[in-house]
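Right, one structure below, let's go through it.
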Amino acid sequence: MSSSDKRISDDIEQSLNQQMMNEAFQAQAYLALASWAEVNNFAGLADFFYKHSEEERNHMFKFLEYINARGGEARITGIPAPLDNPANVEECIERTWQHELDNSKKIYALVDQAMAEKDWATFNFMQWFVKEQIEEEALIDGLRDKYALASKEKNSNANLYSFDRDLVGASQEGDIPRDASLEG
Ligand SMILES: [Fe+2]
Ligand SMILES: [Fe+2]
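Numbering (our numbering) for the sequence shown: 124 to 307.
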């Protein structure tokens, strides 16, 4: 492909490449947390982070495909090592929250750059990530809320948490023997 086929600026190409590797770093960071959770017998948390690592890897691929589709070149580079293991579940969750807030800022910076260059194709491409970050922030904030409910007040909160979980997707029909009494 000749360089005249390139429809993104060198600056945008560089920023997209940087964000592609940020997503790769996130995938790796969440993979480390998943394995840590598994080793520490938190099967649910491990499952959550394995899946989330996969999502971040998909984000990385979206950038790769977009850069190449616009006549640029995706460049796979090294990424920083994930942080050391968290001390506990709370640190694990708070670290994730910070990762996502940081990542949202990076996404917004790319939107700013695309807008400043009037690169509307990239601006449009980035909207998917703006929306995705809204979802991810809500997801992790929900995880923080659940953790707080399960851990902050002592004594009865584990039961309260289980009680609340039971209500998720619970039927509105109830199991009262109404049909039996009407039909019986
Ligand atoms: Fe991501
Ligand atoms: Fe994310």
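Cβ atoms here follow ideal geometry from the backbone N, Cα and C, with glycine treated the same way. These numbers were taken from a predicted model, which means no experiment stands behind them.
So, is residue i buried or exposed, given that buried needs 16 or more other C-beta atoms within 10 angstroms?
i: A281; result: exposed
i: L290; result: exposed
i: Q236; result: buried
i: R193; result: buried
i: G307; result: Residue placement at G307 is flagged as unreliable, the pLDDT there being 47, under the threshold of 50; the coordinate-derived value follows with that caveat. By the 10 Å Cβ count, G307 comes out exposed.
i: N90; result: Limits of the chain in this structure are 124 at one end and 307 at the other, which puts residue 90 out of reach.
i: D207; result: exposed
i: L283; result: exposed
i: Q250; result: exposed
i: G195; result: buried
i: D242; result: buried
i: A261; result: exposed
i: A157; result: buried
i: S285; result: exposed
Let me check understanding here. Comparing Cα to Cα, which of the options lies closest to residue i?
i: S132; options: E214, M238 and E177; result: M238
i: T200; options: D287, E259, Q142 and K129; result: Q142
i: E161; options: D268, R198, D264 and V212; result: V212
i: R180; options: P205, P203 and N145; result: N145
i: K228; options: P203, K254 and P209; result: K254
i: L154; options: G292, I135, P209 and Q256; result: P209
Taking 7 Å as the CB-CB limit, is residue i close to chain B?
i: P203; result: Considering every chain present, this structure includes no chain B. It has just one protein chain.
Given a cut-off of 7 Å, decide if residue j and residue i are closer than it, judged by their beta-carbon atoms.
i: I216; j: R267; result: yes
i: F184; j: L139; result: no
i: Q149; j: P205; result: no
i: I202; j: A147; result: yes
i: T219; j: I257; result: no
(request) Count the CB pairs spanning the stretch 166-181 and the stretch 235-247 that are closer than 8 Å, and state whether there are at least three. (result) no
(message) Under 8 Å: do the stretch 159-170 and the stretch 217-230 share three or more Cβ pairs, one atom per stretch?
(response) no
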